[in-house]
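Undergrad:
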Amino acid sequence: MSTEEFRKEQKFVTDLYLRLDQLRDQAERAVRGSLREVGSGFQARLERDVLVAEQSGLLSALNAGENGLCFGRLGFSDGRDHHIGRIGIRADDTERTPLVLDWRAETARPFYLATCHTPMGLRRRRHIASRGRTVTALHDEILDLADAERTGHEGADADAVLLAALDAARTGRMHDIVRTIQAEQDRVIRSPHRGVLVVEGGPGTGKTAVALHRAAYLLYAHRELLARRGVLIVGPGPAFLGYIGEVLPALGETGVLLATPGELFPGVHATSADRPGAAAVKGRAAMAEVLARVVADRQRLPETLPAASGEEYDTVPEPALEIDHDDYGTLLLDRTMAYGARDRARATGLPHNLARPAFAFRIVDALTGQLADRLGADPYGGPNLLGPDDVAQLGKEIATSPAVHAAIDALWPPLTPEGLVADFLAGPTHLDDSDAALIRRAAADRGKWTPADVALLDEAAELLGEDDAARRAAEERERSRRIAYAQGVLDLSQGSESYEFEDEENEYLAAHDIIDAERMAERYEEADHRSAAERAAADRTWAFGHVIVDEAQELSPMQWRLLMRRCPTRSMTLVGDLAQTAEEAGSGSWERVLDPYVGDRWELVRLGVNYRTPAEVMEVAAEVPRRRDPAYEPPRSVRSTGVRPWVGESGDLAGAVARAVERERPAEGRLAVIAPRPLHAALAAVLPGAGEGAGPDLTREVVLLDPRQAKGLEFDTVLVVEPGAFAPSDLYVALTRATQALGVLHSPGALPAALAGAPTGVLVRR
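In terms of the numbering used here, the sequence shown opens at residue 4 and continues consecutively.
1) Could you tell me whether the Cβ atoms of residue 736 and residue 648 are closer together than 8 Å?
2) Give a yes or no on whether the C-beta atoms belonging to residue 783 and residue 579 are separated by under 8 Å.
3) Only counting runs of 4 or more residues, tell me where the alpha helix (DSSP H) segments fall wholly within the region 176-239, in order along the chain.
4) Kindly confirm or deny that the region 608-621 and the region 243-251 touch, where touching means at least three C-beta pairs closer than 8 Å.
5) Just list the residues that DSSP pairs residue 105 with in beta bridges.
6) Tell me the DSSP secondary structure of residue 433 in three-state form.
7) Can you tell me where the beta strand (DSSP E) holding residue 743 begins and where it ends?
8) Buried or exposed, going by whether 16 or more other CB atoms sit within 10 Å of the CB of residue 770?
9) Using only CA atoms, which one of 168, 114, 125, 121 lies nearest to residue 140?
10) Which of helix, strand or coil does DSSP assign to residue 265?
11) What is the DSSP secondary structure of residue 17, counted as helix, strand or coil?
12) Can you grab the Cα-Cα spacing for the pair residue 790 / residue 448, in whole Å?
13) Tell me the rounded alpha-carbon separation between residue 133 and residue 733.
14) What alpha helix (DSSP H) runs, 4 residues minimum, are completely inside the region 340-423?
15) Just to confirm, is the Cβ distance from residue 202 to residue 214 under 8 Å?
16) Count the other CB atoms within 10 Å of the CB of residue 210; is the residue buried (16 or more) or exposed (fewer)?
17) In the DSSP output, what is residue 73 paired with across the bridge?
18) Closest to residue 536 by C-alpha separation, out of 350, 765, 256, would be which residue?
19) Counting only the same chain and skipping the five closest in sequence on each side, list residues whose C-beta sits under 8 Å from that of residue 690.
20) Going along the chain, which residues of its own chain have a beta-carbon closer than 7 Å to the beta-carbon of residue 751, five neighbours each way excluded?
21) For residue 398, which of 369, 712, 290 has the nearest alpha-carbon?
22) Is the beta carbon of residue 265 within less than 7 Å of some heavy atom of the ligand NAD?
23) List the endpoints of the continuous alpha helix (DSSP H) containing residue 563.
24) Please state whether DSSP places residue 579 in a helix, a strand or coil.
25) Identify whether residue 110 lies in helix, strand or coil by the three-state DSSP scheme.
26) Suppose only complete runs of 3+ residues qualify. What are the beta strand (DSSP E) ranges in the region 662-713, listed by chain order?
27) Could you pull the DSSP bridge partners for residue 78 from this structure?
28) Which of the three DSSP states, helix, strand or coil, is assigned to residue 619?
29) Do residue 672 and residue 176 come within 8 Å of each other at the CB atom, strictly closer than that value?
30) State the CB to CB distance for the pair residue 276 and residue 586, rounded to an integer number of angstroms; the pair is presumed to be in contact (CB under 8 Å).
31) Counting C-beta neighbours from all protein chains within 10 Å, is the total for residue 100 16 or more, i.e. buried, or is it exposed?
32) Short check: CB of residue 417 to CB of residue 349, under 8 Å?
33) Using a 10 Å radius around the Cβ and a threshold of 16 neighbouring Cβ atoms, would you call residue 105 buried or exposed?
34) Going by beta-carbon coordinates alone, are residue 638 and residue 208 separated by less than 8 Å?
35) Going by DSSP, name the residue or residues bridged to residue 605.
36) Return the CA-CA distance between residue 292 and residue 260, expressed in angstroms with no decimal places.
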């Protein structure tokens with residue numbers, strides 16, 4: 004082995020880290036210096052805040068490059084030579100010479116795509132492994148077979164770097180794959196498709212990693228747009244978001260919003276769970292029409308008035324609402340008035356709360372006419388005695404009457420999404436009895452939201468709209484106050500001028516000569532310096548530049564309505580596997596999801612290589628989907644561990660799990676126990692120190708999960724407990740989480756047919 008090549012690479016990496024330290028020190032000093040500056044003017048504060056934001060973002064990117072800063076080198080046949088890393092770094096010279104190329108740069112692409120058949124101009128590709136700042140290994144691939152130069156680091160197996168990464172012990176956090184991106188993954192990551200890109204693949208095909216690296220690539224390629232609009236990444240649950248949370252920061256990207264479907268309505272964090280079947284009812288597309296009818300029901304007309312006691316009518320009077328006015332006695336708001344006002348308000352096409360002023364205006368106008376007819380009537384049959392000014396004054400008095408406002412509120416009340424949905428769930432309407440019974444919520448559970456409720460809240464918000472007239476009026480009053488104050492300052496400045504030296508040849512500029520009060524007030528307005536992700540998290544109407552959805556097959560039609568509102572440009576990357584659909588309201592097909600929104604203007608790509616699950620485990624797991632579809636073909640596993648999955652039976656599951664954990668716990672890495680939720684209390688008692696609960700600590704050596712929590716995660720060793728209690732899709736997920744070894748424990752006679760029928764030798768019995 005050539006020690007000279009090793010020495011050269013170590014020197015380069017050492018010098019590169021020195022440059023990284025230099026850049027980081029410059030950024031830190033710039034931030035500290037800016038924060039120490041105290042500017043008295045708005046412009047000074049703005050410049051300071053912008054500089055701090057820019058340098059803080061640069062510092063985050065530089066800190067992200069600390070581990071694995073440089074991982075590759077490209078030697079081109081024309082003599083060019085480039086190192087590849089997770090961020091780009093330039094030398095401190097007049098030419099700003101690139102020291103290491105960002106992996107997302109176009110020049111870096113041959114590192115992932117070049118082959119001996121298509122070398123893309125490459126002579127040699129080198130993989131550089133390091134620990135901290137120390138180079139630990141070099142692996143060279145010769146792409147130009149005519150190259151006679153040998154370095155001593157050539158490997159016979161071109162996949163050695165990939166296999167080493169796949170065999171590495173898990174830490175409980177997903178790592179980036181910039182060193183090992185494969186050609187089929189690179190094509191997806193850099194796809195130029197601007198609409199909806201669907202990435203489908205079975206377990207272990209790297210769908211999630213590809214989606215995250217695509218987010219990083221898009222932020223690199225379209226920095227200006229996406230930095231302003233932001234990127235939303237939606238994952239199935241808190242455990243999953245914790246698992247992937249360090250990938251993008253490790254790539255220098257921090258301005259991304261990660262959320263679960265239960266966190267997409269500002270101010271609501273959905274932590275409750277629905278009863279079986281309830282989420283499916285709430286997730287149906289028809290719920291949009293149901294909620295629209297619920298809102299329409301709140302736009303009421305006066306009810307029929309009962310006859311007074313002992314009184315008889317020849318004809319039933321028109322229903323009317325009696326309004327006791329302090330000055331003018333009783334006003335009658337009859338059904339005809341209310342019907343006309345309601346029709347006029349609905350004709351505006353505005354959401355409920357925004358249409359309310361139109362309804363109120365027509366009611367006030369009708370009541371004013373009624374009162375004018377009463378007060379201005381000529382007893383001798385002549386024209387109305389009130390003039391236009393008199394009628395206008397009556398209108399003002401009607402419009403400010405608390406009793407009139409109360410009547411308007413009764414017929415067209417202001418509504419909130421939370422109040423409307425809570426009322427609906429307490430007494431569901433416009434549903435058949437069985438569906439209504441499934442989603443009905445007890446009074447004690449009012450305001451306890453589930454993930455399926457969030458889509459209903461968002462739909463309700465669209466139907467209701469937000470009447471922000473009061474807020475805008477308050478802002479305008481505050482703006483007028485600031486302008487008046489600024490004008491006072493300018494007047495004081497002008498009045499304080501000294502005219503002691505009246506020299507017509509000299510002109511002195513004062514503040515009032517170069518700025519007016521309005522401009523002066525604007526300069527002292529506070530600017531919003533939150534990141535796009537921070538502002539988006541607080542704004543339900545925020546339109547993201549790009550949306551990525553993991554486990555996309557699990558979302559209901561109502562949840563898709565919510566997400567499509569978040570991304571009106573339909574720039575989305577959806578990753579999932581229809582064979583792993585577990586939610587009752589989940590997607591049956593991508594066409595069914597996307598056709599209502601983009602028609603056929605979407606692209607589907609499939610990943611067919613399983614990088615995570617060993618062939619021995621995949622052979623067992625594939626029997627589950629084959630029970631439903633005998634033609635099912637799982638993704639092809641790239642490696643084999645030689646370790647056969649095993650199955651055991653015990654009448655004492657908790658004890659058997661405890662013994663199996665001690666026996667199977669890897670020397671390095673993580674072990675997951677995946678069991679039905681009802682068994683968790685008993686298992687947690689025999690697994691002290693294990694991570695468990697709604698948001699388990701995945702960095703623990705042992706983690707206790709249910710199948711839904713395990714979606715998208717991976718562990719060195721997995722124990723699946725009582726698989727007969729799992730739905731087929733959940734069982735398939737549970738069996739495919741292992742990167743090294745799989746064990747199955749079940750009660751006597753409770754092994755599912757898909758596993759009981761496994762061929763002898765495929766599933767070892769213990």
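Ideal Cβ positions, reconstructed from N, Cα and C, are used throughout, including at glycine.
TA: Taking the coordinates as given:
1) In this structure, residue 648 does not lie closer than 8 Å to residue 736 by Cβ.
2) A question about residue 783 goes unanswered here, because the residues of the chain that appear run from 4 up to 769.
3) Runs of the alpha helix (DSSP H) inside the region 176-239: 186-192, 210-224, 226-232.
4) Contact between the region 608-621 and the region 243-251 is absent, because fewer than three Cβ pairs lie under 8 Å.
5) Partner residues in the beta bridge of residue 105, as assigned by DSSP, are 88.
6) Coil.
7) Note, residue 743: beta strand (DSSP E), 741-749.
8) The requested residue 770 is not part of the displayed model; the chain covers only 4 to 769.
9) By alpha-carbon distance to residue 140, the top candidate from 168, 114, 125, 121 is 168.
10) Taken through DSSP and simplified to helix, strand or coil, residue 265 comes out as helix.
11) Residue 17 sits in a helix when the DSSP states are folded into three classes.
12) This structure does not reach residue 790, given that the chain is present from 4 up to 769, and the question cannot be answered.
13) Taking the straight line joining both Cα atoms gives about 38 Å.
14) Fully contained in the region 340-423 are the following alpha helix (DSSP H) runs of length 4 or more, in chain order: 355-378, 391-402, 405-414.
15) In this structure, residue 214 lies closer than 8 Å to residue 202 by Cβ.
16) Residue 210 should be labelled buried.
17) In the DSSP output, where bridge partners are listed per residue, residue 73 has 88.
18) Distances from the alpha-carbon of residue 536 to those of 350, 765, 256 put 256 closest.
19) Correct list, in chain order: 660, 661, 664, 676, 705, 707.
20) These residues qualify, in order along the chain: 652, 654.
21) Of 369, 712, 290, the residue nearest in Cα terms is 369.
22) Because no ligand of any kind appears in the structure shown, any question about the ligand NAD cannot be addressed here.
23) Per DSSP, residue 563 belongs to the alpha helix (DSSP H) from 560-569.
24) In this structure, residue 579 counts as strand in the three-state DSSP scheme.
25) The answer is helix: DSSP assigns residue 110 an H, G or I state.
26) Counting only runs of 3 or more, we get 674-677, 705-708.
27) Its beta-bridge partners are 84, 127.
28) When DSSP states are grouped into helix, strand and coil, residue 619 belongs to the helix group.
29) If you check the CB distance, residue 176 and residue 672 do not come in under 8 Å.
30) In fact, because the Cβ distance is near 12 Å, the residues do not count as touching under 8 Å.
31) Result: exposed.
32) Taking 8 Å as the Cβ cut-off, residue 417 and residue 349 do not qualify as a contacting pair.
33) The residue in question, residue 105, is buried, as its Cβ has 16 or more Cβ neighbours within 10 Å.
34) For the 8 Å CB-CB criterion, residue 638 and residue 208 form a contact.
35) For residue 605, which the question treats as bridged, DSSP gives the partners 199.
36) Those two C-alpha atoms are separated by around 30 Å.
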